[in-house]
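Student:
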Amino acid sequence: MKTRYEGAIIDLDGTMYRGDSALEGAVAAVERLRAAGVSTVFLTNNPIKRRTVYVERLRSFGIDVVREDVINSAAIAGDFLAETHPDEPTFVVGEDPLVAELEAAGVPVTADPAEATVVLASMDRAFSYDDLRDALVAFENDPAFYATNPDRTCPVEGGEIPDAAAMIGAIEGLTGRELDRVLGKPSRIAVAVAADRLGVDPERCLVVGDRLETDVVMGQRAGMTPVLVLSGVTDHEDLERSSIEPGYVLESLGEIETVFE
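Note that our numbering gives residue 422 to position 240 of the sequence shown, counting from 1, and the numbers run on in steps of one.
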């Protein structure tokens, strides 16, 4: 298989796997890409697991990866906050793995919202009224306000579950503040991290994922070739209703050779 592409940024949830199960043809597709000389990096907006967990899962499918080959929105947030808000207390609406990634990057995380000068909103499956009350306290300090990712839902086995957009919307509705920035896909920050890992020119890079408003939009903004797979949250009806146009549409990653024909 020959191709002009030299790199591929590949989503995980809904593209490589759903729940704990690899999607049919996904692993073989990665192998075919690599055999054709295409470098791969995996980029997910999911912030509720450490990067090491994603590495272990991909390895369990038989994919050869190291930690640097896997990037998630939690890791991106950690690096961004450590660089732009050093030593500033950050209040997190999110789960423990996100906090661990932030602390590993040197971000000072506080459990006291009154101390916070930065608020980071993310997916939190235990989100509660108390979290909203804490957020209200934090916003009395007029903090910087970021989110790991804008996804409305996350694909899991048997369907979908609410994602970070639900928490973001609740906080914005409560405080009247809009986000200063999203740090994960489709941000330029996220694509820059992935592109730096690959080291290829944008026009020779694919972005493969199951979500129009994150994966496809990110690829378009970066001058890369966006490939939408219909194995996750987006179906044919969603695609027809949307004004976002991918470069290619595949039923699954297993059809990746279609891009090279």
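All C-beta atoms, glycine included, are put in the ideal place defined by N, C-alpha and C.
Hey, V223 and V237 are a contact pair by Cβ (cut 8 Å); roughly how many whole angstroms apart?
Tutor: Actually they do not touch by this definition, with Cβ atoms about 12 Å apart.
Student: For I253, write down the residues that DSSP places opposite it in a beta bridge.
Tutor: Paired residue(s): L225.
Student: Using the C-alpha atoms, what's the distance from G351 back to I258?
Tutor: Cα to Cα, I258 sits roughly 21 Å from G351.
Student: The alpha helix (DSSP H) with Y236 in it runs from where to where?
Tutor: From DSSP, the alpha helix (DSSP H) with Y236 extends over 233–242.
Student: Roughly how many angstroms separate the alpha carbons of V338 and F262, rounded to a whole number?
Tutor: Using only the alpha carbons, I get a separation of about 28 Å.
Student: Could you say if the region 288–306 and the region 323–342 meet the contact criterion of at least three C-beta pairs nearer than 8 Å?
Tutor: The region 288–306 vs the region 323–342: in contact.
Student: Among V389, D345, N331, which residue has its Cα nearest to the Cα of D362?
Tutor: Considering only alpha carbons, the answer is N331.
Student: Work out the CA separation of A346 and F219 for me, nearest whole Å.
Tutor: It should be pointed out that residue 219 corresponds to Gly in this sequence rather than to Phe. Between G219 and A346, the C-alpha separation is close to 35 Å.
Student: Within the continuous alpha helix (DSSP H) that includes G401, where are the two ends?
Tutor: Its alpha helix (DSSP H) spans residues 399–404.
Student: Between D152 and L215, how many whole angstroms is the CB-CB distance? I'm expecting something under 8 Å.
Tutor: The question about residue 152 has no answer, for the chain in this structure spans 183 to 443.
Student: For L205, which of helix, strand or coil comes out of DSSP?
Tutor: The answer is coil: DSSP assigns L205 none of H, G, I, E or B.
Student: Between G429 and V411, is the Cβ-Cβ spacing less than 8 Å?
Tutor: Cβ distance not < 8 Å, so G429 and V411 don't count as in contact.
Student: Can you tell me which of R423, E385, V399 puts its alpha carbon nearest to the alpha carbon of G405?
Tutor: Per the Cα distances, E385.
Student: Three Cβ pairs or more, each shorter than 8 Å: is that satisfied between the region 362–382 and the region 396–404?
Tutor: These segments touch.
Student: Residue range of the alpha helix (DSSP H) that L361 falls in?
Tutor: Looking at the DSSP string, L361 is not in any alpha helix (DSSP H), and its letter there is neither H nor E.
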